[in-house]
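Here is the structure we will look at, set down as structure tokens.
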Amino acid sequence: MPEETDMLRETATRVFADHFAPRDLGAVEAGHWPQAGWAAVEDAGLTRALVPEEAGGYGVDPAEALSILRAAGGAAVPLPLAETMMASWLLAQAGLAIPDGTLSVAPVLPGDSLFATRDGDGWRITGTASRIPWGRSVGAIAVLAEGPDGMVVAMVPSGGWTVTISTNLAREPRDRLTFDAVVPRAAVGATEVDAAQLQRLGAAARCQQMSGAMDHILALTLQYALDRKQFGKPIGKFQAVQQNLAIMASQTAAASAAADLAAEAVGHGMGITPIAAAKVRCGEAAGTVASLGHAVHGAIGFTYEHSLHYFTKRLWSWRDEFGGETEWALLLGRAAAERGPERFWADMTTL
Amino acid sequence: MNAITFPKPPPSPEAEILRAEVREFLHTELAGRDARSKAESWSGHDAEFSRKLGAKGWIGMTWPKQYGGHERSALERYVVMEETLAAGAPVSLHWVADRQSGVQILKIGTEEQKQKILPKIAAGECCFCIGMSEPDSGSDLASTRTKATRVQGGWLVNGTKLWTSSAHLADYMILFCRTGSVDSTDRHAGTTQFLVDMKTTTGMQIRPVYALSGAHHFNEVVFTDAFLPEDALLGTEGAGWKQVTGELAFERSGPERFLSTFGLVVELMRVLGRDPSERAAIALGRLQAHFITLRRMSRSISGMLQQGLEPANHAAMVKDLGTTLEQEIPEIARTLITNEPTAETTEDFLAVLAHSMLHAPSFSLRGGTREILRGMIARGLGLR
Ligand SMILES: Cc1cc2nc3c(=O)[nH]c(=O)nc-3n(C[C@H](O)[C@H](O)[C@H](O)COP(=O)(O)OP(=O)(O)OC[C@H]3O[C@@H](n4cnc5c(N)ncnc54)[C@H](O)[C@@H]3O)c2cc1C
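In the order they appear, the protein sequences are chains H and U.
Heads up, my numbering is the position in the first sequence plus 592, with the first residue counted as 1.
Heads up, my numbering is the position in the second sequence plus 29, with the first residue counted as 1.
So, in structure tokens, the structure goes:
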């Protein structure tokens, strides 16, 4: 099994390295769509990694599939890859066909609801959802909607919504979409998945991406500390700088362990505790790693020209997406208090 | 071994079966203990408890049966460690021996030393102390000045060890000292480890050093022409540095490095009740996220030990992250309950809070300071 994980992640790493140099990241932020990069990602089959075998996927363990996103985070891949993987998973769960091309999911905020009502032979999808990742760019969205008889998933192609542009700190599209679409019957399926589960999958995905971004920031910062000279020697020879890098390394390691816990949970009933814990822990590590990464880089790391910001800005955004530390910690804390002190330890040992 | 990656701990169904057994045992054995004494964590001393744990086969678990061990896995041993800590069991009599001294003897001891000492440790009847630090040699362990000089039939030791936890209770000390003269080209050369019999050695004086709480945990141990017989030599003369760094890796690798104030969280939960304020719930949830992550990392280390690896840098990371959490816990707990702990308090939460506050500073000192651990991690990164 580990070999497979490595293979999948190695393939992903190679594709990302070929297509996403810092120069390409800047072009995307300027509004260019990286078509060649997307095509390579899709050709490598990465977008289908979370799809179960019976729905046309490769049957890889979800934890392995999600490790692609660690590599993606490590390259700041400016594509809706996590979102396409999640949407494909959601469509497959509802027994729907998965289209080629870029996908996203909606809604992503706990307060937002979308609705499905019957419309002749098909369905009408309505409602407004904010902060939809890559809303303006994707070919279709897997919508989780409240239907007359429970939750449904609807595959809504672009054109089925209007866009109010919004972006996160990393300049990734996070748009407000107002849906008004009529889709055929075959594009809608009942689902067991609810908004909370979708939120958890999103959180697990962002944990992997954050973990990858931290890996990269640590590597960049380490190299910089070896290269940059002041007072006649590499700054990495100064103990204060060494201690900062040690803290970054420990926080990065903790985030990686936590993100793995969340990824494993995805394949095992989407348990709330490991995923919530991971989002809290990765979010906290993200703040420290970004801050120390900038500290060690000095002014050059504060420039647009240097590539550090592509990663730190993503951390600042991703830690809030699909629930920030406060929301998840509140959930965890309430659940723990409810179950009581006598079960606190025992519950943790079941993870 | 990439220091940033903590591999998934291998599954161990037998460890989970054992867990239920350990819990049941602890439930019975600790029934009468109050919250304050549970807060002693791995500093709590109880000879009868250690003997019972030994009789269960839960000390020296991974060692060969011929030396009183039980040939069980590192993951099973981990379950016993974490369950005893989480329950606040008084484990200090056997803890150091089980964690590092016995392991060291098994690794480098003579057949005679192994046969004589290991079965006693496994029975929970043999307490060890660590003779590393000195008045002028703390973080810089290689600067040890205590000196063993060869004499007819053995060695004479002169010098002072300081901060020696449990020296007043221990049966043995593993002493780290100088046997050769100081070598200006290799400061690690000329050091050696010895097994000191704490009950029979003459020329040795043990004086209590009281901790800021007033408690007696550690000591000063003064050697004045203390005679050690030939067979007190542990391992190889002159190989002390290599040996002691191996021993330190074991000292740092366990769950006691993040569970020292776990009992305070349990007491905090008791006073917060089932429906805490939003602020308290958020703080509690955050602590849980840290525990879950550290436990994962610590079990990962246990899996690496099982494979025969020596994950010293991983252990340094877990100890640094873990002691930071242990120290944060009283600071957070006190902000959630507006009641001041007093020395006389009998309320469980406040008593445990007081105890945790008065012991927290030591967490990031004992077993290697935070700065020293971070220095090790930086070396692992290639910066030193
Ligand atoms: C409760 C407790 C129990 C203990 N039990 C034992 C025991 O059983 N046996 C035993 O041998 N020892 C024991 N110790 C001693 C412990 O190992 C030492 O306290 C520790 O190694 C630090 O040494 P020191 O106290 O002399 O501090 P120092 O080494 O003097 O350090 C003081 C400060 O300077 C910093 N510092 C030192 N060198 C450096 C450096 N190179 N770079 C950056 N910063 C540096 C330290 O991090 C620390 O902040 C115990 C300590 C405590 C608190």
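Glycine included, C-beta positions come from ideal geometry on N, C-alpha and C.
Practice prompt. Quick one: list the residues of chain U neighbouring residue 604 of chain H, beta-carbon separation under 9 Å, in chain order.
Written response: Ordered by position in chain U, no residue passes the 9 Å Cβ test against residue 604 of chain H, which lies about 17 Å from the chain.
**Asked** Which term fits residue 248 of chain U, buried or exposed, when burial requires 16 or more other beta carbons within 10 angstroms of its beta carbon?
**Response** Result: buried.
- Query: What separation, rounded to the nearest whole angstrom, lies between the Cα atoms of residue 91 of chain U and residue 102 of chain U?
  - Reply: If I take the Cα positions, the gap works out to 6 Å.
What does residue 349 of chain U reach in chain H if we use C-beta pairs closer than 7 Å? Within chain H, the residues near residue 349 of chain U are 842.
Check whether the Cβ of residue 400 of chain U sits closer than 7 Å to any heavy atom of ligand 1, and report yes or no.
-> Checking the Cβ of residue 400 of chain U against ligand 1 gives yes.
Which residue marks the beginning of the alpha helix (DSSP H) containing residue 654 of chain H, and which one marks its end? Note, residue 654 of chain H: alpha helix (DSSP H), 654–666.
Report the neighbours of residue 326 of chain U on chain H: residues whose CB is nearer than 8 Å to its CB, in chain order.
One finds 845, 846, 849 in chain H with Cβ atoms closer than 8 Å to the Cβ of residue 326 of chain U, taken in chain order.
Using only the alpha-carbon positions, how far apart do residue 813 of chain H and residue 62 of chain U sit?
Their backbone Cα atoms lie some 50 Å apart in a straight line.
Fill in: CB of residue 620 of chain H within 8 Å of CB of residue 626 of chain H, strictly
One thing to note: residue 620 of chain H has its Cβ within 8 Å of the Cβ of residue 626 of chain H.
Next on the checklist: Pairs of beta-carbons, one from the stretch 103–110 of chain U and one from the stretch 280–291 of chain U, closer than 8 Å: are there three or more?
Outcome noted: Result yes; three or more Cβ-Cβ pairs closer than 8 Å.
**Prompt:** Quick one: is residue 940 of chain H near chain U, going by C-beta distance under 8 Å?
**Reply:** Cβ-Cβ to chain U under 8 Å: yes for residue 940 of chain H.
Using a Cβ-Cβ cut-off of 8 Å, state whether residue 305 of chain U counts as contacting chain H. Yes, because at least one Cβ of chain H sits closer than 8 Å to the Cβ of residue 305 of chain U.
Please list the terminal residues of the continuous alpha helix (DSSP H) segment that includes residue 8 of chain U. Chain U is shown from 30 up to 413; residue 8 of chain U falls before or after that span and cannot be answered.
Q.
With a threshold of 8 Å between beta-carbons, can residue 932 of chain H be considered close to chain U, or not?
A. Yes, because at least one Cβ of chain U sits closer than 8 Å to the Cβ of residue 932 of chain H.
Below 9 Å on C-beta distance, what does residue 839 of chain H contact in chain U? Near residue 839 of chain H (Cβ distances below 9 Å), the residues of chain U are 349, 403, 406.
Practice problem: Mind listing, in chain order, the continuous beta strand (DSSP E) runs of no fewer than 3 residues lying wholly within the stretch 678–755 of chain H? | Solution: Runs of the beta strand (DSSP E) inside the stretch 678–755 of chain H: 695–698, 707–711, 714–725, 732–739, 742–749.
Contacts that residue 115 of chain U makes with chain H (C-beta to C-beta distance below 7 Å)
Simply 937.
Original post:
Should residue 71 of chain U be counted as a contact of ligand 1 given a C-beta to heavy atom distance under 7 Å?
Top reply: Not so, every heavy atom of ligand 1 lies at least 7 Å from the Cβ.
I need the DSSP call for residue 249 of chain U, collapsed to helix, strand or coil. Strand.
Work out the CA separation of residue 369 of chain U and residue 730 of chain H for me, nearest whole Å. Taking the straight line from one Cα to the other gives about 57 Å.
Item to complete: Compare the beta carbon distance of residue 409 of chain U and residue 342 of chain U with 8 Å and say whether it is the shorter of the two.
Response: In this structure, residue 342 of chain U lies closer than 8 Å to residue 409 of chain U by Cβ.
- Task: Answer with buried or exposed for residue 200 of chain U, where buried requires no fewer than 16 other C-beta atoms within 10 angstroms of its C-beta.
- Result: Buried, since its Cβ has 16 or more Cβ neighbours within 10 Å.
Among H:628, H:847, H:683, which residue has its Cα nearest to the Cα of residue 733 of chain H?
Comparing Cα positions, the closest option is H:683.
Considering only C-alpha positions, which residue in the set H:666, H:622, H:608, H:658 is nearest to residue 635 of chain H?
-> It is H:608.
(Q) Mapping the DSSP letters down to three states, classify residue 233 of chain U as helix, strand or coil. (A) For residue 233 of chain U, the secondary structure class from DSSP, reduced to helix, strand or coil, is strand.
Is it buried or exposed for residue 69 of chain U, if we count other Cβ within 10 angstroms and need 16 for buried?
Classified as buried, residue 69 of chain U has 16 or more neighbouring CB atoms from the shown chains inside 10 Å of its CB.
Open item on the list: Tell me the rounded alpha-carbon separation between residue 44 of chain U and residue 324 of chain U.
Closed with: Approximately 15 Å, taken between the alpha carbons.
Requested in this report: Output, in sequence order along the chain, the residues in the stretch 308–341 of chain U whose CB is closer than 8 Å to any CB in chain H.
Outcome: Contacts with chain H (Cβ-Cβ distance below 8 Å) from the stretch 308–341 of chain U involve 309, 310, 311, 312, 313, 314, 315, 317, 318, 319, 320, 321, 322, 323, 324, 325, 326, 329, listed in chain order.
Using a Cβ-Cβ distance cut-off of 8 Å, determine whether residue 412 of chain U contacts chain H.
Yes - at least one Cβ of chain H is within 8 Å of the one on residue 412 of chain U.
- prompt: From the beta carbon of residue 925 of chain H, is the nearest beta carbon of chain U less than 8 Å away?
  reply: When Cβ-Cβ separations below 8 Å define contact, residue 925 of chain H makes contact with chain U.
Report whether the distance from the Cβ of residue 224 of chain U to the nearest heavy atom of ligand 1 is below 7 Å.
Annotation for residue 224 of chain U indicates a beta carbon at 7 Å or more from all heavy atoms of ligand 1.
(request) Provide the residue(s) that pair with residue 765 of chain H in DSSP beta bridges, ordered along the chain. (result) H:759, per the DSSP bridge assignment.
Q: Examine chain H for any beta-carbon lying closer than 8 Å to the beta-carbon of residue 400 of chain U, and answer yes or no.
A: Answer yes: the Cβ-Cβ gap between residue 400 of chain U and chain H drops below 8 Å somewhere.
Three or more C-beta pairs closer than 8 Å, one from the stretch 378–386 of chain U and one from the stretch 327–337 of chain U: is that the case here? Touching, no, given that fewer than three Cβ pairs across the two stretches are closer than 8 Å.
ask   = Comparing alpha-carbon positions, which option in U:191, U:230, U:196, U:399 lies nearest residue 834 of chain H?
value = Nearest of U:191, U:230, U:196, U:399 to residue 834 of chain H, Cα basis: U:399.
- Task: Let me know if residue 801 of chain H comes out buried or exposed under the rule of 16 or more other beta-carbons within 10 Å of its beta-carbon.
- Result: Its Cβ being crowded by 16 or more others within 10 Å, residue 801 of chain H is buried.
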